[in-house]
Each structure stands twice: as C-alpha cells, then as structure tokens.
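S.K.: If you read the sequence shown in our numbering, its first letter stands for residue 70, the second for the next number, and so on.
Following this message is one structure expressed as structure tokens.
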Amino acid sequence: MPEVSVDDVAWNQLREAAKAARELAYAPYSKHPVGAAALTDDGRIVTGSNVENASLGVTLCAECSMVGDLVRTGKPGKRGRLIAFACVGPNPGALLPCGRCRQLLSEHGGPDLLIDRDGGPVPLSFLLPDAFSGDDLP
Ligand code: THU
70 MPEVSVDDVA WNQLREAAKA ARELAYAPYS KHPVGAAALT DDGRIVTGSN
120 VENASLGVTL CAECSMVGDL VRTGKPGKRG RLIAFACVGP NPGALLPCGR
170 CRQLLSEHGG PDLLIDRDGG PVPLSFLLPD AFSGDDLP
C-alpha cells in the first residue's frame, strides 16, 4: 500500500463523485439518498449508492454497492484497496459511515483508510478503533 497523506487526495473530486452516485440512489422508503466514492491504490474511483428494500432491514448502504464496484472493476486477482473515502447524504457536509459499513470499509481499506469528515479527514482507525479483522480468525 502506497503511503498517502491527506493532502495527496483530490477530496473535491471524490465528493463530486459521491454526489453523482447519490443521484442514482434507490431510497423510496427513507427518502435519504446516499452516495459514496473512494480512491483506490490502483488509481480508480469506485462509487456506490444506497439501494433500499420494502423489507427495510435488507437495505444496502451506499458503501455496500461501492465495495461491489471495487471488487467488480478490479483487475483479475487484484481487486485493489481503498485509500480515501467520501460519502454524502441529503444534508450538507460529509456523511460518516454507519457501524456496519465501518467494518466493511475496514476489510477493504484497513485502519489507514482516510475518511472524509467535516473539519478534516480522519483515518478509519479513529472511527473504528481495535477493529476485528481476518487476522482474528483461526
Ligand atoms: N445509509 C447509507 O447508505 N450509508 C450509511 O453509512 C448510513 C445509512 C443509507 C441506508 C438507508 O437507505 C438510508 O441511508 C437511511 O438510513
């Protein structure tokens, strides 16, 4: 994983990609469209939108479809890692990922993944300290 500092990331480009993804959200129940975007270590920008379901608990957050994009658009055998992430909802400013999605982002970005946040990006380890990971499995 290349060393990436907060200043290396084109945050406005990521936020715009998240806003474009928000336009594609399917959120008829909550009326809370969300778009997510992330930069990968192989230079892609992957995006996702929330996809709701009448069975509300089956709803997919924007981060879920973004991780699908990551896996689906990578080169065979090399899906890439997330290095910077931005998410927007209907309200101004950054939307911070829910608890489950912090775990999802941890799997594909690890503790150093930079998360956009009003006031300045923070590493995922700040939002999800002492994360459970595959290393904890036998
Ligand atoms: N939502 C996301 O897409 N990502 C999050 O991190 C938090 C919540 C979506 C799920 C649901 O469609 C709507 O926002 C309201 O909870």
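Just so it is clear, CB atoms sit at the ideal spot from N, CA and C, and this is done for glycine as well.
Could you check if Pro159 belongs to the surroundings of the ligand THU, using beta carbon to heavy atom distance under 6 Å?
M.R.: Position 90 of the sequence shown, counting from 1, holds the residue named residue 159. Result no, Cβ not under 6 Å from the ligand THU.
S.K.: On the three-state DSSP scale, how would you describe Ser99?
M.R.: Your numbering for residue 99 matches position 30 in the sequence shown. Reduced to three states, the DSSP call for Ser99 is coil.
S.K.: Identify, in the order they occur along the chain, each residue of the same chain with its Cβ nearer than 7 Å to the Cβ of Val140, setting aside the five sequence neighbours on each side.
M.R.: Mapped onto the sequence shown, residue 140 falls at position 71. Correct list, in chain order: Arg148.
S.K.: Under a three-way DSSP split, which group does Val73 fall into?
M.R.: As a working note, residue 73 is residue 4 in the sequence shown. Val73: coil per DSSP, three-state reduction.
S.K.: Within 10 angstroms of its Cβ, does Ala163 collect 16 or more other Cβ (buried), or is it exposed?
M.R.: As a working note, residue 163 is residue 94 in the sequence shown. By the 10 Å Cβ count, Ala163 comes out buried.
S.K.: Given the structure, does Pro166 come close to the ligand THU, in the sense that its CB is under 6 Å from one of the ligand's heavy atoms?
M.R.: Along the sequence shown, read from residue 1 onward, the residue named residue 166 stands at position 97. Yes.
S.K.: For Ala79, count neighbouring C-beta atoms within 10 Å of its own C-beta (all shown protein chains included) and say buried if the count is 16 or more, exposed if not.
M.R.: Looking up residue 79 in the sequence shown gives position 10. By the neighbour-count rule (16 or more Cβ atoms within 10 Å), Ala79 is not buried but exposed.
S.K.: Which two residues bound the contiguous alpha helix (DSSP H) that contains Thr128?
M.R.: Your numbering for residue 128 matches position 59 in the sequence shown. For Thr128, there is no enclosing alpha helix (DSSP H), as DSSP marks it with neither H nor E.
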